[in-house]
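Trainee: Below: one structure in structure tokens.
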Amino acid sequence: MRHLLSDTNIHLENKRLSRIFFIFLLIMYALVYMTKNCFTGALSKIVAEGALTLTQATWINAAFYFVYAPLQVLGGIFADKYSPEKLITIGLLGSAAANLVIFFNQSFTVILLCWIFNAIIQFGLWPGVFKVMSSQLVRSDRQKMVFFMSFSGSVGLIFVYIVSAFTPKWQYNFIISSVTLTVLAVILLIFCRILDPMMKNDKLPEPVKNESEEKNERSSVKMWHIFLISGFFALLFATLLRTMIGESVNTLSSTMLSQSYEHISPTLGNLLSILIILAGIAGSLLIKFVIFPRLIKNEIVCYLLMLILSFPFVFTLRFVGKMSVGLIVFSLCMISLFFTAIGLLTNYFNMHYTKFGLNGTAAGIINAASALGFALQYCLFGSIADSYGWPTVTTIWIILSVITIICIVLAIRPSIRFIKNGQIQK
Numbered sequence: 012m013r014h015l016l017s018d019t020n021i022h023l024e025n026k027r028l029s030r031i032f033f034i035f036l037l038i039m040y041a042l043v044y045m046t047k048n049c050f051t052g053a054l055s056k057i058v059a060e061g062a063l064t065l066t067q068a069t070w071i072n073a074a075f076y077f078v079y080a081p082l083q084v085l086g087g088i089f090a091d092k093y094s095p096e097k098l099i100t101i102g103l104l105g106s107a108a109a110n111l112v113i114f115f116n117q118s119f120t121v122i123l124l125c126w127i128f129n130a131i132i133q134f135g136l137w138p139g140v141f142k143v144m145s146s147q148l149v150r151s152d153r154q155k156m157v158f159f160m161s162f163s164g165s166v167g168l169i170f171v172y173i174v175s176a177f178t179p180k181w182q183y184n185f186i187i188s189s190v191t192l193t194v195l196a197v198i199l200l201i202f203c204r205i206l207d208p209m210m211k212n213d214k215l216p217e218p219v220k221n222e223s224e225e226k227n228e229r230s231s232v233k234m235w236h237i238f239l240i241s242g243f244f245a246l247l248f249a250t251l252l253r254t255m256i257g258e259s260v261n262t263l264s265s266t267m268l269s270q271s272y273e274h275i276s277p278t279l280g281n282l283l284s285i286l287i288i289l290a291g292i293a294g295s296l297l298i299k300f301v302i303f304p305r306l307i308k309n310e311i312v313c314y315l316l317m318l319i320l321s322f323p324f325v326f327t328l329r330f331v332g333k334m335s336v337g338l339i340v341f342s343l344c345m346i347s348l349f350f351t352a353i354g355l356l357t358n359y360f361n362m363h364y365t366k367f368g369l370n371g372t373a374a375g376i377i378n379a380a381s382a383l384g385f386a387l388q389y390c391l392f393g394s395i396a397d398s399y400g401w402p403t404v405t406t407i408w409i410i411l412s413v414i415t416i417i418c419i420v421l422a423i424r425p426s427i428r429f430i431k432n433g434q435i436q437k
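For the sequence shown, the residue numbers in the working numbering are 12 to 437.
Put into structure tokens, the structure is as follows:
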């Protein structure tokens, strides 16, 4: 009998149980995303209360992602070699412990150390989740699962803003997340026990080669060569820059609005942030039901279209504090819409590496770039806003947006060739 907590290359063929397990994973990762953003949801309250400065609070988040980013590469490799369910369980229980400590002790040093520990212990959580839904569950549902999982980040952020808006103290974010993560770990272990007898061995297929490839070596293609010829590295750099802009919109917009407009309170800023995040959910729906693959069949080409459409709204943010708050909020909503759509497209593209057994690695590396983008935007934009104001921050966003467009233009041709010649299945 195969075991989810010890085996990797196994799969489930029972569609009903596969879908039930996926629903749990979807809810679980949304709640995990909530716990990673406890400081984000409480940021405006923390700053208004004077518990920490904006720079201190954003540096704590930055420290998390500076540690988290490189470990995502390791987590991706581990998810392809070891049990992803075990990696997920470790991440859940470790984060629960760290958040519990923060609830009882709010000194800057303790919070910083606990948040760094959080980053370390979650090294295999997202790669593990992506490995499970793209390899271990019913393959015919794979694209649907990636689509629905794209909502988890937005839902998680909404959860944390709701908790922050309706709890009397910002510290409550951490005790709520600690209890939630512990319960999720227990439920995951129960699922593993139930599904173990139904798991079957999974034999990775050999990549199909064209005539020119057959003339080359019989040995398997190296991992980094596959990433190189697919345009993966251009996509990687674009992910870094896009995250710096998109996550700033999701996580700093509440503070930006409350500091730029006198009539916007921190609580109202949090509620407006929920509206911005909900707009992001519409982006995933736009991709799934309108654009991809109905109108555009290549993920990277569609990625470029989303970037171009978002640029006028990024440019509009240059006038924050001068234009009406309604127009600025609308621009933030549209950026969230297009950038969330881009996140879904990136996950779709990562599925092309499943044929080579590299889907967990690809997801981990992309998540590392996203995490580094998180870290940079937290440590840079909070400090820049404190020192030079939000118009300077938004000018940097415009420059980064242009560079991101250039990166994706460079990735289009190799991605098309890679998908066509590799004969990769979705």
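Where a beta carbon is used, it is the ideal one built from N, C-alpha and C, also for glycine.
Relative to the C-alpha of Phe32, which candidate in Gln270, Asn20, Leu391 and Ile201 has its C-alpha closest?
Mentor: Ile201
Trainee: Looking at Ser264: is its Cβ nearer than 8 Å to the Cβ of Ser284?
Mentor: yes
Trainee: Under a three-way DSSP split, which group does Ser223 fall into?
Mentor: Legend: pLDDT at Ser223 = 47, less than 50; position of this residue unreliable, no value from coordinates given.
Trainee: From Asn281 to Gly86, what distance separates their C-alpha atoms?
Mentor: 32 Å
Trainee: Taking just the CA atoms, how far does Ser335 sit from Gly139?
Mentor: 44 Å
Trainee: Determine, using beta carbons only, whether Ile353 and Arg253 come nearer to each other than 8 Å.
Mentor: yes
Trainee: From which residue to which residue does the alpha helix (DSSP H) around His363 run?
Mentor: Where His363 is concerned, there is no enclosing alpha helix (DSSP H), given that its DSSP letter is neither H nor E.
Trainee: Considering only their Cβ atoms, is the gap separating Ala80 from Ala379 smaller than 8 Å?
Mentor: yes
Trainee: Check Lys211 in the structure and name its three-state DSSP category.
Mentor: Looking at Lys211 - three-state DSSP - the assignment turns out to be strand.
Trainee: When DSSP labels each residue in this structure, what does His236 get in the three-state scheme?
Mentor: helix
Trainee: Based on Cα-Cα distance, which residue from Ile205, Phe429, Trp401 and Thr405 lies nearest to Glu310?
Mentor: Phe429
Trainee: When burial is assigned at 16 or more other CB atoms within 10 Å of the CB, is Lys211 buried or exposed?
Mentor: So Lys211 counts as exposed.
Trainee: Would Arg204 be called buried (16 or more neighbouring beta carbons within 10 Å of its own) or exposed?
Mentor: So Arg204 counts as exposed.
Trainee: Identify every run of the alpha helix (DSSP H) within the stretch 84-161, keeping only runs that are complete inside it and at least 4 residues long; order them along the chain.
Mentor: 95-115, 119-132, 136-142 and 153-160
Trainee: Taking Thr327 as part of the alpha helix (DSSP H), name the residues at either end of that continuous run.
Mentor: Glu310 to Thr327
Trainee: How far does the alpha helix (DSSP H) with Glu258 in it reach, from first residue to last?
Mentor: Phe243 to Ser271
Trainee: Quick check: the stretch 140-147 against the stretch 15-24, are at least 3 beta-carbon pairs closer than 8 Å?
Mentor: At 8 Å Cβ cutoff, the stretches touch.
Trainee: Could you work out which residue in Phe158, Asn48 and Phe162 is closest to Ser8 when comparing CA atoms only?
Mentor: The shown model of the chain, from 12 to 437, leaves out residue 8, and the question about it has no answer.
Trainee: Run the CB neighbour count on Asn370, radius 10 Å, all protein chains shown included, and call it buried at 16 or more, exposed below.
Mentor: buried
Trainee: Tell me whether the stretch 185-202 and the stretch 66-74 touch, counting them as touching only if at least three CB pairs, one residue from each stretch, are closer than 8 Å.
Mentor: Not touching, per the Cβ criterion.
Trainee: Please give the ranges of any alpha helix (DSSP H) in the stretch 159-200, keeping only runs that are unbroken, at least 4 residues long and fully inside the region.
Mentor: Taking only runs of at least 4 residues, the alpha helix (DSSP H) segments lying wholly in the stretch 159-200 are 163-177.
Trainee: Give me, in chain order, the residues of the same chain whose beta-carbon lies closer than 6 Å to that of Leu9; leave out the 5 immediate sequence neighbours on both sides.
Mentor: Past the boundaries of the shown model lies residue 9; the chain is included only from 12 to 437, so the question cannot be answered.
Trainee: Val11 to Met267, Cα distance in whole Å?
Mentor: The structure shown has nothing for residue 11, since the chain only spans 12 to 437.
Trainee: So the alpha helix (DSSP H) Ile34 belongs to, where does it begin and stop?
Mentor: Lys26 to Lys47
Trainee: Apart from the five residues just before and just after Phe134, which ones in its own chain have a Cβ nearer than 7 Å to its Cβ?
Mentor: Leu82, Gln83, Leu85 and Gly86
Trainee: Please classify Val301 as buried or exposed, where buried requires at least 16 other C-beta atoms within 10 Å of its C-beta.
Mentor: exposed
Trainee: What is the rounded straight-line gap between the Cα of Phe119 and the Cα of Thr178?
Mentor: 22 Å
Trainee: Would you identify the three-state DSSP class for Ile275, choosing helix, strand or coil?
Mentor: coil
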